[in-house]
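Protein chains in written order, with our numbering: chain C, 440 to 578; chain U, 440 to 578.
Below you'll find the structure, written out as structure tokens, and then a few comments.
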DNA sequence: CGGCTAAATGAGAATCATTGTCAAACTCAG
DNA sequence: CTGAGTTTGACAATGATTCTCATTTAGCCG
């Protein structure tokens, strides 16, 4: 247990590296299963469970964004800018996503939460709609 | 199909009434399964599938709020005020929720979406934290 | 550098919430 | 009251995610 040392870093295995690599190669939101497919197509033999484990670990470490869709699927994406928390505008037809910024939202959230006695705040802001291309197709 | 008539109102069966009733008796966020349990304890014989169907219908009709937790479970709660769209501040330890209002958020969302060419906007704003009571307990 | 031990992996079974199926029960219009 | 079309309920099916466990591997020790 070595209680004196801090949190131990996870081992760097080739499959964990592969997941990290795949994430870095694209900045789309994709499900764990989808990332797994991508890895398989690149010739990797990673198991689905391993992809899930890696993704979860990365999400906890704050290195990837994780959003839960309304169907219960969890989507992951490399978190480009660690320096600033941002939000998303997602097309509910084609899935395309764009980053957006919500000015003053963080401060506002902190303030309201404090007023209600809440601590350790976290928040989710997702805006969904139908993008121009999909609207043109009649959606 | 009767294309001339508008959307037909769903039939009012005793099980649908029971679901509505249960929802009205409490304003907590609970899962479909949890509501089903509650109904069974009240002596109702509603089936789980029926509870799911009713809850979905109500959510689509805007009569109940539905939020998806980070574990993929969908929680439902009677929506007190139909007149205004509101958001929630939820304790991630004990589940308590309070309604909050986000001034100008709707307009802001519309504007940003329009700038990106998106239409038919919808949004989710959830703030989670640890409430005073739970913080006191060491969480 | 070779060995060792605990952590990580992979294949598939298991789990959980939710949805689909279909015959039987029920609502509502006439 | 009666018929036609909905809705229901029991249970199977699905789909995503997690667990199990024997096997492999990373990283440390000598």
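Each residue gets a CB set at the ideal place from its N, CA and C atoms; glycine is no exception.
Here the structure is a predicted model, which is why all the values come from computation and not from measurement.
Residue environment, residue i, which counts as buried when at least 16 other CB atoms sit within 10 Å
| i | result |
| --- | --- |
| residue 533 of chain U | exposed |
| residue 450 of chain C | exposed |
| residue 480 of chain U | exposed |
| residue 568 of chain U | buried |
| residue 583 of chain C | Chain C is shown only over 440 to 578; residue 583 of chain C falls outside these bounds and no answer can be derived. |
| residue 463 of chain C | exposed |
| residue 465 of chain C | exposed |
| residue 571 of chain U | exposed |
| residue 522 of chain C | Any answer about residue 522 of chain C is weak, because its pLDDT of 46 lies below 50 and its placement is not dependable; what the coordinates show is given next. It is exposed - the Cβ of residue 522 of chain C has fewer than 16 other Cβ atoms within 10 Å. |
Chain U contact for residue i (CB, 8 Å cutoff)
| i | result |
| --- | --- |
| residue 480 of chain C | no |
| residue 562 of chain C | yes |
| residue 521 of chain C | Reliability of the predicted coordinates at residue 521 of chain C is poor, the pLDDT of 45 falling under 50, and the value obtained from them is presented with this limitation in mind. For residue 521 of chain C, the answer is no, since every Cβ of chain U falls outside 8 Å of its Cβ. |
| residue 466 of chain C | no |
| residue 452 of chain C | no |
| residue 555 of chain C | yes |
| residue 457 of chain C | no |
| residue 558 of chain C | yes |
| residue 476 of chain C | no |
Interface flag, residue i vs chain C, CB-CB below 8 Å
| i | result |
| --- | --- |
| residue 462 of chain U | no |
| residue 571 of chain U | yes |
| residue 469 of chain U | no |
| residue 486 of chain U | no |
| residue 530 of chain U | yes |
| residue 537 of chain U | yes |
| residue 517 of chain U | no |
| residue 545 of chain U | no |
Contact belief for residue i with residue j at Cβ below 8 Å, rounded distance in angstroms
| i | j | result |
| --- | --- | --- |
| residue 510 of chain C | residue 558 of chain U | Rounded, the Cβ-Cβ distance is 22 Å, inconsistent with contact. |
| residue 539 of chain C | residue 551 of chain U | 6 Å |
| residue 529 of chain U | residue 565 of chain U | 7 Å |
| residue 468 of chain C | residue 506 of chain C | 7 Å |
| residue 541 of chain U | residue 555 of chain U | At roughly 20 Å, the Cβ-Cβ gap does not stay under 8 Å, so residue 541 of chain U and residue 555 of chain U are not in contact. |
| residue 457 of chain C | residue 478 of chain C | 6 Å |
| residue 515 of chain U | residue 494 of chain U | 5 Å |
| residue 491 of chain C | residue 461 of chain C | That pair is no contact at about 14 Å. |
| residue 454 of chain C | residue 508 of chain C | Between residue 508 of chain C and residue 454 of chain C the Cβ distance is about 26 Å, and since that is not below 8 Å, they are no contact. |
Closer than 7 Å: residue i CB and nearest the ligand SAM heavy atom
| i | result |
| --- | --- |
| residue 542 of chain U | Among the components modelled here there is no ligand, and therefore nothing to report on the ligand SAM. |
Handout entry: chain U contacts from the segment 490 to 505 of chain C (Cβ-Cβ distance under 9 Å)
Key = 505
Query raised in the report: Which whole runs of the alpha helix (DSSP H) in the segment 470 to 510 of chain C are 4 residues long or more, in chain order?
Result: 471 to 480 and 487 to 499
Residue ranges of each beta strand (DSSP E) run of no fewer than 3 residues wholly in the segment 521 to 553 of chain U, ordered along the chain?
-> 526 to 530 and 536 to 539
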